[in-house]
Every structure is written in structure tokens, then in C-alpha cells.
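Single-structure report; data block below.
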Ligand code: ATP
Ligand code: ZN
């Protein structure tokens, strides 16, 4: 439509491990946002920006499909979605504007504590539960290991006890959850942080100007936090 809004659309996680830090980043860049109302879209009062608050899993697709201009998401989710889209022959283009200083975690393989694990080859012929089947499949292929992957959206850490899998591949930050479930971390397959991404083909000059205004602020905030 002729009246198409040129407000910059930024996707962020609505609630979860990335939402507080994403909000804090926007605030320290000078964006005035009223996030108290539980709305999908929050208008930035002092800039031509709208914030979309969604599940983190939806953020890569929203940016890759060009529905949102920018997004903040974990590299783990971004890479998993990219691999899936490559397989499905869907578009998976985006640009990383900045690797951020929050959301740090690792995607690791864990096995029951009593297991004696002698390396990734011990997974041959085993069943591994994960929420990240593409990242895990890539790793196993690189390592020349043949294992069965069980895709679970949640409760991955209980899969071995429930008899659903021999091992898991899950996100770890402190390791407390693994320990509480009688598991031990044996192999890190991917290290992740939150990233700010931009859709491909963004050409609107007002939107580009806005991004050019935001980036030095983000760099400044990150330098101040170092
Ligand atoms: P949503 O409801 O938005 O789908 P979620 O439950 O899938 O949320 P969170 O647990 O909030 O996701 O994690 C979001 C992201 O935070 C992860 O994808 C990862 O990039 C990052 N993260 C950092 N530390 C951890 C951790 N210890 N466990 C899980 N994710 C972590
Ligand atoms: Zn999620």
C-alpha cells in the first residue's frame, strides 16, 4: 500500500533468557518503550521503531522472510533454523550486525553420570535426544558417528531417565540442570551468544539511517560494559 509504514521493526523474545538483556540494550540506546502492556507490538515513543515481542524460535524466520527488519536471537536458534531452511530450500539470508555480550551458552552432549564415555565414537549406534537436530546431525556427520536423533521440544534432560534416549544434546550454562538430572557434560558441540541480525534487501533510506544511528550506540554500550 502507498501508506506503507517505514517504521523499523525489531523482533525480540517476549519472555525468557534473552528478553531482559534485549530490553536493557534498547533502553541504553535511548529507545523509549512502554513494555508494561502485554502487547505483541510495542511502539517506541521517540523513534520510528516498533518492537515485536515473540517466541525466540520465530525470530530467525521473521527476519529471513523479511517480515521484521532486525531481530535479537541466540546463534544456536539462528543456526538451527538456517540449516533447516537450507534443507527445505527456503530462504535463509540475513546479516549479523553485532555479536552481543549476553545469552552466552553452549550446546553440549551429556550422558548419564555412571556412563564411562571415552569420546564421541562411544555414541555410535546410540540414541540422542535434542531440540537442535540439525546442529547435532552436522556435528555427528563431521565426527563420522552414526547415532539416532530424537527431536524433543522440551524436557530433553529427562529423556535418558525416561528411557527415551541414551544421551542428550542440550544447552548448558552452569551445568546445574544436568547434574540435577544425573547427567554429565562430555562434549561441547556449539558455543552461542545472542546476535543482532538484519534482513537482506533492506533499502529504505530512513530505516538505514535509523540503523546507522543505533549501531554506534550499541557499540558504545558494549564498550562501556567491558
Ligand atoms: P520461548 O518461550 O521464547 O520459546 P525458550 O524457552 O525457547 O523461550 P529460553 O530458555 O528463554 O528459550 O532461552 C532463550 C535463549 O537463551 C536460548 O536459545 C539460548 O540462546 C540462550 N541461553 C543462554 N543460556 C541458556 C541456558 N542455560 N539454557 C538455555 N538457553 C540459554
Ligand atoms: Zn524457544
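Numbering (full-length UniProt numbering), first residue to last: 3 to 228. Ideal Cβ placement from N, Cα and C applies to all residues, glycine included. Since the structure is predicted, the reported quantities are computational estimates derived from the model, not experimental observations.
Under a Cβ-count criterion, where at least 16 other Cβ atoms within 10 Å of its own Cβ denotes burial, should residue i be classed as buried or exposed?
i           : result
residue 42  : exposed
residue 78  : buried
residue 58  : buried
residue 159 : buried
residue 76  : buried
residue 15  : buried
residue 25  : buried
Looking at ligand 2, does it come within less than 6 Å of residue i, judged from the CB to the closest heavy atom?
i          : result
residue 58 : yes
In chain order, what residues of the same chain have a beta carbon less than 6 Å from the beta carbon of residue i, not counting five sequence neighbours either side?
i           : result
residue 4   : Bear in mind that the predicted position of residue 4 carries a pLDDT of just 45, short of 50, making it unreliable; the figure below should be weighed with that in mind. Cβ neighbours of residue 4 beyond the five flanking positions: none.
residue 107 : 173, 175 and 194
residue 99  : 198 and 200
residue 215 : none
residue 23  : 104
Just to confirm my understanding: we take residue i, look at its own chain, exclude 5 residues before and 5 after, and list those with CB closer than 7 Å. What are they?
i           : result
residue 141 : 191
residue 223 : 27, 30 and 31
residue 94  : 66, 84, 87 and 88
residue 63  : 83
residue 128 : 149, 168 and 169
residue 177 : 187
residue 179 : 159
residue 34  : 46, 47 and 48
Relative to ligand 1, is the shortest distance from any of its heavy atoms to the C-beta of residue i smaller than 6 Å?
i           : result
residue 154 : no
residue 15  : yes
residue 19  : yes
residue 79  : yes
residue 194 : yes
residue 107 : yes
residue 203 : no
residue 184 : no
residue 76  : yes
Measuring only from the beta carbon, is residue i closer than 6 Å to any heavy atom that is part of ligand 3?
i           : result
residue 175 : The model depicted lacks ligand 3 and carries ligand 1 and ligand 2 instead.
Kindly indicate if chain C contains any beta-carbon less than 7 Å away from that of residue i.
i          : result
residue 19 : No chain C is present in this structure, which holds just one protein chain.
Among the residues of its own chain, which have a CB less than 8 Å from the CB of residue i, if the five just before and after it don't count?
i           : result
residue 72  : 10, 11, 12, 13, 65, 99, 198, 199, 200, 201 and 213
residue 217 : 99 and 100
residue 60  : 13
residue 210 : 204
residue 126 : 147, 148 and 149
residue 8   : 50, 206, 208 and 209
residue 221 : 100
Pairs of beta-carbons, one from the stretch 152 to 165 and one from the stretch 129 to 140, closer than 8 Å: are there three or more? yes
Threshold first: 4 residues or longer. Then list the alpha helix (DSSP H) segments lying entirely within the stretch 106 to 182, N to C. 135 to 145 and 178 to 182
Cβ contact (3+ pairs, closer than 8 Å) linking the stretch 104 to 118 and the stretch 180 to 191: yes
Segments assigned beta strand (DSSP E), at least 3 residues, entirely inside the stretch 186 to 224: 196 to 200
4-residue-minimum alpha helix (DSSP H) runs that sit fully inside the stretch 10 to 63, ordered along the chain: 21 to 30
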